[in-house]
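Down below is the structure, laid out as structure tokens.
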Amino acid sequence: MGEKYFSLTDRIKILSEGTKYDSCNQTIVCHTFTPDGRCIQLYKTLMTNRCSGECLYCPNRCGREVTRTSLAPEEIVRITWDLYRRNAIEGLFLSSGIVGDPEKTTQKQLDVLKLLRGQGFKGYIHTRLMPGVPRDMLREVSLYANKFGVNAETTCESRYDEICPNFDYKHDILDRMKWTHEFVLKRRKEVRYGEGIVGANDTQFVVGASNEPDKEIIHTIDRFKADYGLRRPYFMSFDPVPGTPLSSNRPSPAWREIRLYQISYLLKDYGLKAKDLDIVLDDEGFLPDGDPKLMLAHCNKDFFPVDINLAPFEDLIKVPGIGPTTAHRIIRSRPIDDYAELSNIGVVLKRARPFIKVKNKVQSRLEVFA
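Sequential numbering from 1 applies to the sequence shown in UniProt numbering.
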């Protein structure tokens, strides 16, 4: 279906719904986490759902019959300010279809960013960039956006070629991730703490679109963290879209996306490596539908119980029900005499009890919970 006139309200709704396939759900507001761990709300939108890309899973792919529309940079800026001043949001998530080529599209995104920052906007800006974005434009984006990056979509060149036939994985994706990392590091050297924006590198995987096992995704995330300073991966469960080449493929279960997010936190916040998680995968390299941290604990039962008053930070965070923040609280609160103190600190006792001891007392044997 071609583009026709729509009211501003209609266009806002159409383009916000379009970001369902880009890290977010199908509403005008999405959530993200700041570097200090705060969960904030963002106005999310595509600039346009017109696209020259032919990605096999995408509802906005070139040639598909879909209602097409756009928002001008000035309109996005006005909407963002209106929501921001009403305290409905704390920032903007901006993505787009590819209009003509990546350079033209990125210039329009930059127009939004420059207008907002030029008008004194202090909110959070998360920008999803296009494959093949020019290097100089990516550098400009790094001056204005708190988080930005291109979508890897899958784990390797051969899988990417299958689902994104008119882009090049090494050139359009990996080179751009490398440049993003370089610009983030450069900004860290240029900007004093609290005196300017220092962005972060992110990407997204469409889980199940190319039938990749979870092991490939997990090891790819680990590699991206090491090579490109990946701050956070996002996941979107593949859901076949009518009128696309993959419309008859099986959807990926939503729980798989959830488990991969849990794995990503273990890699980012707990210091684990991909190889440490291989033990919880099945013979085909897939995660079961269970909490991966709890499964890791059961696979390493000889390590437990952990003495709450003696264990170092690195051992405490291996306990289910104890995260990095809670582990630091435990260390600051020692000596700890009973479970009530642990509960007050924030330990999830229902999960932690079989894996810890307090004053040489163990609540239950691990075998009971295995």
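Backbone N, C-alpha and C fix where the C-beta goes; we use that ideal spot for every residue, glycine too.
In DSSP terms, what residue i is bridged to
i, result
"Ile40", "Thr32"
"Asp307", "Lys357"
"Leu92", "Tyr43, Ile125"
"Thr48", "Ser70"
Heavy atom of the ligand SAM within 8 angstroms of residue i beta-carbon
i, result
"Ser96", "Inclusion of the ligand SAM in the displayed structure is not the case, the ligand content being empty and no account of it being possible."
Under 9 angstroms between C-beta atoms of residue i and residue j
i, j, result
"Arg250", "Pro240", "yes"
"Arg139", "Trp179", "yes"
"Asp161", "Gly132", "no"
"Thr32", "Tyr144", "no"
"Thr83", "Gln109", "The residue asked about is misnamed: residue 83 is Leu in this sequence, not Thr. Result no, Cβ atoms of Leu83 and Gln109 do not sit closer than 9 angstroms."
"Phe238", "Val207", "yes"
"Leu42", "Phe121", "no"
"Cys164", "Glu216", "no"
"Ile322", "Val347", "yes"
"Asn49", "Val66", "yes"
"Gly100", "Asn60", "no"
Backbone CA spacing between residue i and residue j [nearest angstrom]
i, j, result
"Phe205", "Gly271", "21 angstroms"
"Ile76", "Leu46", "9 angstroms"
"Pro233", "Lys225", "9 angstroms"
"Asn344", "Ala352", "14 angstroms"
"Arg38", "Ser248", "39 angstroms"
"Glu153", "Met137", "22 angstroms"
"Leu342", "Leu266", "22 angstroms"
"Arg187", "Thr127", "17 angstroms"
"Asn25", "Leu349", "Reliability of the predicted coordinates at Asn25 is poor, the pLDDT of 44 falling under 50, and the value obtained from them is presented with this limitation in mind. Taking the straight line from one Cα to the other gives about 32 angstroms."
"Pro73", "Ile79", "10 angstroms"
"Arg135", "Val184", "13 angstroms"
"Ile85", "Thr69", "In the sequence under discussion, the amino acid at residue 85 is Arg, which differs from the Ile named in the question. Cα to Cα, the separation comes out at about 26 angstroms."
"Val280", "Arg259", "12 angstroms"
"Thr222", "Cys58", "One detail in the question is off: residue 222 reads as Asp in this sequence, not Thr. Taking the straight line from one Cα to the other gives about 26 angstroms."
Nearest residue (CA-CA) to residue i, options the options
i, options, result
"Leu288", "Asp227, Pro213, Ile173", "In the sequence under discussion, the amino acid at residue 288 is Pro, which differs from the Leu named in the question. Selected option, being the one with the closest Cα: Pro213."
"Glu54", "Thr203, Phe148, Pro245, Asp136", "Pro245"
"Pro292", "Ala274, Asp307, Asp111", "Ala274"
"Lys301", "Gly285, Ile308, Val319, Ala311", "Val319"
"His328", "Ala340, Ile308, Asp338, Asp337", "Ile308"
"Ser142", "Asp202, Lys170, Ser96", "Asp202"
"Arg64", "Cys51, Asp337, Ser210, Pro73", "Cys51"
"Asp269", "Thr325, Tyr339, Asn211", "Thr325"
"Ile360", "Asp10, Phe304, Glu314", "For the sequence presented, residue 360 should be read as Asn rather than Ile. That would be Phe304, whose Cα lies nearest to the Cα of Asn360."
"Glu257", "Phe286, Val280, Gly229", "Phe286"
"Met295", "Arg176, Ile221, Asp276", "Asp276"
"Pro253", "Ile263, Gly118, Met236", "Met236"
>> Report the start-end ranges of each beta strand (DSSP E) in the stretch 140-226 that is 3 residues or longer and not cut off at the edges.
In response: Taken in chain order, the whole beta strand (DSSP E) runs of length 3 or more contained in the stretch 140-226 are 147-149, 201-207.
> Can you give, in chain order, each stretch of the beta strand (DSSP E) that sits fully within the stretch 217-304 and has at least 3 residues?
Replying inline: If we require 3 residues or more, the beta strand (DSSP E) runs fully inside the stretch 217-304 come out as 230-237.
>> Give the list of continuous alpha helix (DSSP H) stretches no shorter than 4 residues that lie fully inside the stretch 94-122.
In response: Runs found: 102-118.
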